[in-house]
Structures are given as structure tokens and as C-alpha cells.
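Remarks on the structure that follows.
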Amino acid sequence: MNSTPYAPAAPRPTGSPLQRIGWHLQNNPKRELWIAFFTMIVFYNLYGIIFFGVARVQPPPDPNWDVATIAQWFDDHRTGLLGGFAVTFIAVGMTVASNALIAYSMFRMSVSRAFAYAYIALYSLSAIPGLLLTCIALTVGAMRPERDPEQLAWLYDFAFMAFDGTMGVFLIGSLIWMLAIFLDKNRVFPRWFGYLNLCNALTEVVVAPAWLFTDRAFAWEGAITWWINMVVFIIYTGAFITLLRNMILREDFGTGPLPALEKAGHG
Amino acid sequence: MTHQTDGELILLWTVPALLLIWASAFVLFPGFVQPMSPTLSAEEVAAFYRDPDNLPRIRYSMIVFNWFCVGLIPVLALVMMQMRRMAHRTPIFSYCLLGCATGGPTLFLVANLFWLLAAFRPDRDPELIQMFNDLAWVTFTGQVGFLVGQSAFLALAIYLDRQERPVFSTWVAHFNVVIALALMPAAFFALSLEGALAWDGSLSFWLKNSAVALWIAVMGLVLGQNIYRQRRAAALAA
Chain Y
1 MNSTPYAPAA PRPTGSPLQR IGWHLQNNPK RELWIAFFTM IVFYNLYGII FFGVARVQPP
61 PDPNWDVATI AQWFDDHRTG LLGGFAVTFI AVGMTVASNA LIAYSMFRMS VSRAFAYAYI
121 ALYSLSAIPG LLLTCIALTV GAMRPERDPE QLAWLYDFAF MAFDGTMGVF LIGSLIWMLA
181 IFLDKNRVFP RWFGYLNLCN ALTEVVVAPA WLFTDRAFAW EGAITWWINM VVFIIYTGAF
241 ITLLRNMILR EDFGTGPLPA LEKAGHG
Chain C
1001 MTHQTDGELI LLWTVPALLL IWASAFVLFP GFVQPMSPTL SAEEVAAFYR DPDNLPRIRY
1061 SMIVFNWFCV GLIPVLALVM MQMRRMAHRT PIFSYCLLGC ATGGPTLFLV ANLFWLLAAF
1121 RPDRDPELIQ MFNDLAWVTF TGQVGFLVGQ SAFLALAIYL DRQERPVFST WVAHFNVVIA
1181 LALMPAAFFA LSLEGALAWD GSLSFWLKNS AVALWIAVMG LVLGQNIYRQ RRAAALAA
């Protein structure tokens, strides 16, 4: 057993927020989990601000517009698209913390590690078609105002259908998490959240008609395809953020020495 | 607790081979040595792909990148194995690294597909060739998030590795912070078609790509040191 320089009896500080953060980074035995947790919080906040406020691509524009209107939309949104997605291109690296923390929750459950690994693989993959291709296509559209409007219209379809129409990774990912929760005997997550995972998985089924219809409720900005999805997504995300926080609070690493470290390579 | 280390040396020695292959493909692609300007007109972009001197070099270099751009993933898995030896209470940083390892190289592969598509039928409408060329450069230049994340999480993991002989020295963490910062400006390349931020500019092209090359070289060296030290210690213990 290696002992650690970690000081179990260090008193909690009462100074400025920065001092308190510094203390936790030094002394909190759960610091690795909290770092992942707050990285996830920062990412979802940035994502909301950028997609709804800066680039203004959510709620999505109309799939039924003619090419001239689409070209006009790119003109009106240029600065927000280019600036907002520049930040997204960096911030996407933070998504791995959220995936890692969710995978960690599954490692705590009484199920095979295959569930957690499957989740990491699925959700690492999901960011590329489900988020980045959207930002890439809209950046390409916005960067050249003189581009042929027909091509702008193609990039517009590409962007919004990549965003809405990337379904399988979220479908299977949510089902994996759901199954782990239902099978788990350690009660890491409550059963109702398993059902909420099922709701999230079903939104990926509900969104499929966006590939078939360009107007009304099933279009990519429709009442069913977009609005119901977004409501479920917000409830789901809010719920898992709270539950992950509770999971970290409940974790008991104690304040003792770290688990035995591998001797090889230390002599 | 010991883990199996057989085969790690082979994976480690792919680093110099990869660097050599990447450098050769980099020099072979005519759009890199003198990076293509984003201000070229559609006609000029089409002429670049149609030039009989360029076309085979574009195709062959991109085929080589297609083969080897994901070649770094096994090396990143080695970095992950080193992270598992750190004095952490959870394996969470190594999961973060795994996520970054799948994202970064895959995006390079997507950019590569767009370049190959642009070169696939150079007699296509110049506007379309320009669009594929734009998609390639936007994907290649701006997608630094997973690379930044990789360096940032690695740096954090090293800072929090509190033991008598940490797996990596603290300077490796500082180095990763510097690399993460050097990669960031490239994300803003689309705000300007000229100057340092443009995709052919000093920040978005030269600084970013030098940072990537330096990261691979330096991390290859410190990784090698660790792996050899581990093997010596294991041989002594046996």
C-alpha cells in the first residue's frame, strides 16, 4: 500500500470561491468525479447558450423555405454561426467528461462492464454526426456569402438532418443505460430514471419521420419531431445531472490512502 | 496488481513510423506545403484539383492519410494504460481520454474523405469542388475540441497523480496545457479568410499543426521512457 500525501483532516476553507475550489482540488477525495461533473455542467450551458442564443439554430428554421430564403437566413445569422460554432468546436471536447461520468455510474451497477464500455463507444461516436457535422456544414455555408444558393440549401438540409436525423447512437445508448438501471441491484439510479431513458430512446423513433416529411408536425421543426423531443431532452438532461450529482454525493471514498498502486515501474 | 504489457513496445515503435508516414504524406499533398488559401475562387480551386501535376499527389497523399490517420489510436490507448497507473481514486480520466481518442482521429478521417471526394471527379462543377474543398478544410482545421480535451484531461490527470514517483513528471502536464492553448485559436479560423486566423494562417495552420506534431513526438518519448522503465522494473522483480 502506498500512502498518499492527501491530508484527511484538512479543515474546509471558508474563503473566496477560488480558494474553496483550490481546497477541493487539493483535498476532496471525490475531486475526479466533481471535475467531470462540472465539465459536463459547463458544456450543457455553453451548448444551450450557443445553439439557442448565439448561432440561433434552435428552435430550428423551416425545412420548407425556398433557396432564396435559406440564403437570406445564412446572411442574417452569419456572425452568430461562425462565432458560436468556433466555441463549439473547442467545447465538444468536454462531452467526453459527461460520457465518462455516465459510464462510471454503470461501473457502479451490478451489471457487466460491457454496458459502460458500450455507452462510451456509442456516445463518443454520437458527437460527430449529431453535433459536429451540423456545425461544420453551417460554417461552410456561412463562410462564403457568395456561394450558390442551391448549395446553401443542400448544406442547410445536411446540417439540420445530421442534427435531428442521427438517431441510432442515442437510441441504443439510452437503451443500454436503461437496461443497466433495471438490472442493477446496487440501486445507483432509481427505476423511474430507467423509464425516462426509455422516453429518451422513443424520441429517436418519433424523430424518424423528419426524413419523410418537410412540413407540419413531423418535419424537423415540427410540433412532434422538435418540440416534444426538446421537452423530453431537457427533462432527461436535468434529471441525469441531478442524479449524477446525488451519486457523487453518496460515494464514500473515505479519506484514507488510495487503493494499492501497482509496484512495477515505481522501483 | 500488475497488468500485461506484452506488445506495448510494438505499439510504441509505431510512433516514429507514423510520424515519418504523416510527414511524407504532408509533403506530398500540394495543398499543405504551401497551404491553400481560403480566398481562392471556385475556378482556382477546380484548377488546383485539375492540374495534372497535382491530381495524383492529392489522391496518393490522401489515400496514405486515410490508411494512417487513425494510426494514432493504439498509441493513445498506451497513454490511457499509463493513466490507469496513476494514483487516482477513479478511472474517470482514462475514460475521458478514450472518448477523445475516438473523436480526434475520426474527424481527420472525415476531412480526408471530403478531400478525396473533391479529387474524385475533378471535371465536376467548380462550385461543387470548392464546396467539398471547404468541407475538408473546415473539418481539418477547426476540429480541435477532442485534441484540446485530450491534452487538458491528461494534464489534469498528471497534476492529480500524487505519489512519490508520479507516472509522468509535472512538466509533461505543463507541456499539455501549452499544447491545448496552442490548438485553440484554430477553432476560430472561419471568422477570417485572410491573416493569421485563416485556415492557411500562422495560427490556424502552422501553430496548430506544429503543436500536434510536437505533441506526438514528445508524448512518444515520455511514453517510451515509462514503458521501458516499467519493463526494467518488472524484469528486476521477476
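Chains as they are written, first to last, in the working numbering: chain Y, 1 to 267; chain C, 1001 to 1238. Cβ atoms here follow ideal geometry from the backbone N, Cα and C, with glycine treated the same way.
What's the C-alpha gap between residue i and residue j?
i: leucine 1221(C); j: leucine 249(Y); result: 39 Å
i: valine 198(Y); j: tryptophan 177(Y); result: Note that residue 198(Y) corresponds to leucine in the displayed sequence, not to valine. When rounded, the distance between both Cα atoms is 9 Å.
i: threonine 69(Y); j: aspartate 75(Y); result: 10 Å
i: valine 111(Y); j: arginine 191(Y); result: 15 Å
i: tryptophan 117(Y); j: glycine 1007(C); result: A small correction: the amino acid at residue 117(Y) is tyrosine; tryptophan does not occupy that position in the sequence shown. Rounded to whole angstroms, tyrosine 117(Y) to glycine 1007(C) spans 22 Å at the Cα level.
i: alanine 127(Y); j: threonine 95(Y); result: 8 Å
i: alanine 239(Y); j: valine 1079(C); result: 34 Å
i: histidine 77(Y); j: phenylalanine 1026(C); result: 35 Å
i: valine 231(Y); j: alanine 159(Y); result: 21 Å
i: cysteine 1069(C); j: serine 1061(C); result: 11 Å
i: alanine 85(Y); j: isoleucine 1179(C); result: According to the sequence shown, residue 85(Y) is phenylalanine rather than alanine. Going by the C-alpha atoms only, they are around 21 Å apart.
i: glycine 141(Y); j: arginine 147(Y); result: 8 Å
i: arginine 1057(C); j: glycine 1201(C); result: 23 Å
i: serine 3(Y); j: asparagine 186(Y); result: Any answer about serine 3(Y) is weak, because its pLDDT of 43 lies below 50 and its placement is not dependable; what the coordinates show is given next. Between serine 3(Y) and asparagine 186(Y), the C-alpha separation is close to 29 Å.
i: isoleucine 1010(C); j: leucine 1156(C); result: 28 Å
i: threonine 344(Y); j: phenylalanine 218(Y); result: An answer regarding residue 344(Y) cannot be provided, because it is not within the stretch 1 to 267 covered by chain Y.
i: isoleucine 1021(C); j: tryptophan 23(Y); result: 46 Å
If you measure from the beta carbon of residue i to each beta carbon in chain Y, is any gap under 8 Å?
i: alanine 1182(C); result: no
i: proline 1187(C); result: Here the sequence assigns alanine to residue 1187(C), which means proline is not the residue at that position. Yes, alanine 1187(C) counts as interfacial toward chain Y.
i: phenylalanine 1065(C); result: no
i: cysteine 1069(C); result: no
i: valine 1212(C); result: no
i: phenylalanine 1093(C); result: yes
i: aspartate 1134(C); result: yes
i: glycine 1142(C); result: yes
i: leucine 1207(C); result: no
i: histidine 1174(C); result: no
i: glutamate 1127(C); result: yes
i: methionine 1219(C); result: no
i: leucine 1012(C); result: no
i: phenylalanine 1146(C); result: yes
Does residue i have its Cβ less than 8 Å from a Cβ in chain C?
i: valine 54(Y); result: no
i: aspartate 148(Y); result: yes
i: serine 112(Y); result: no
i: alanine 264(Y); result: Since pLDDT at alanine 264(Y) reaches only 38, below the 50 mark, its modelled position is unreliable, and the value read off the structure follows with that caveat. With 8 Å as the cut-off, alanine 264(Y) counts as an interface residue toward chain C.
i: alanine 159(Y); result: no
i: isoleucine 35(Y); result: yes
i: glycine 15(Y); result: no
i: alanine 217(Y); result: no
Should residue i be labelled buried (16 or more other beta-carbon atoms within 10 Å of its own) or exposed?
i: valine 1242(C); result: The requested residue 1242(C) is not part of the displayed model; chain C covers only 1001 to 1238.
i: isoleucine 136(Y); result: buried
i: tryptophan 73(Y); result: buried
i: tyrosine 195(Y); result: exposed
i: phenylalanine 38(Y); result: exposed
i: aspartate 184(Y); result: buried
i: tryptophan 323(Y); result: Lying outside 1 to 267, the shown extent of chain Y, residue 323(Y) is not represented and no answer is given.
i: glutamine 1143(C); result: buried
i: isoleucine 102(Y); result: buried
i: leucine 212(Y); result: exposed
i: proline 1038(C); result: buried
i: alanine 71(Y); result: buried
i: leucine 1254(C); result: Nothing can be reported for residue 1254(C): it is not among the residues displayed for chain C, which extend from 1001 to 1238.
i: alanine 1238(C); result: exposed
i: serine 98(Y); result: buried
i: histidine 1088(C); result: buried
i: alanine 114(Y); result: exposed
Considering only C-alpha positions, which residue in the set the options is nearest to residue i?
i: valine 1148(C); options: Phe218(Y), Phe37(Y), Ala91(Y), Ala86(Y); result: Ala91(Y)
i: valine 1064(C); options: Phe1188(C), Trp1115(C), Gln1130(C), Val1212(C); result: Trp1115(C)
i: proline 1185(C); options: Pro63(Y), Leu46(Y), Thr88(Y), Pro13(Y); result: Thr88(Y)
i: serine 1151(C); options: Gly1099(C), Phe1205(C), Pro1016(C); result: Gly1099(C)
i: isoleucine 234(Y); options: Tyr119(Y), Asn200(Y), Val207(Y), Gly93(Y); result: Asn200(Y)
i: glutamate 251(Y); options: Leu81(Y), Thr139(Y), Tyr104(Y); result: Tyr104(Y)
i: valine 1045(C); options: Arg1085(C), Glu1127(C), Phe1188(C), Gly1195(C); result: Glu1127(C)
i: phenylalanine 43(Y); options: Ala223(Y), Arg144(Y), Ile241(Y); result: Ile241(Y)
i: methionine 1081(C); options: Leu1097(C), Gly1103(C), Leu1072(C), Leu1028(C); result: Leu1097(C)
i: phenylalanine 1132(C); options: Leu152(Y), Leu125(Y), Arg108(Y), Ala100(Y); result: Leu152(Y)
Is residue i close to the ligand GTP? I mean its beta-carbon at under 7 Å from any heavy atom of the ligand.
i: glycine 84(Y); result: Ligands displayed in this structure: none; no statement on the ligand GTP is therefore possible.
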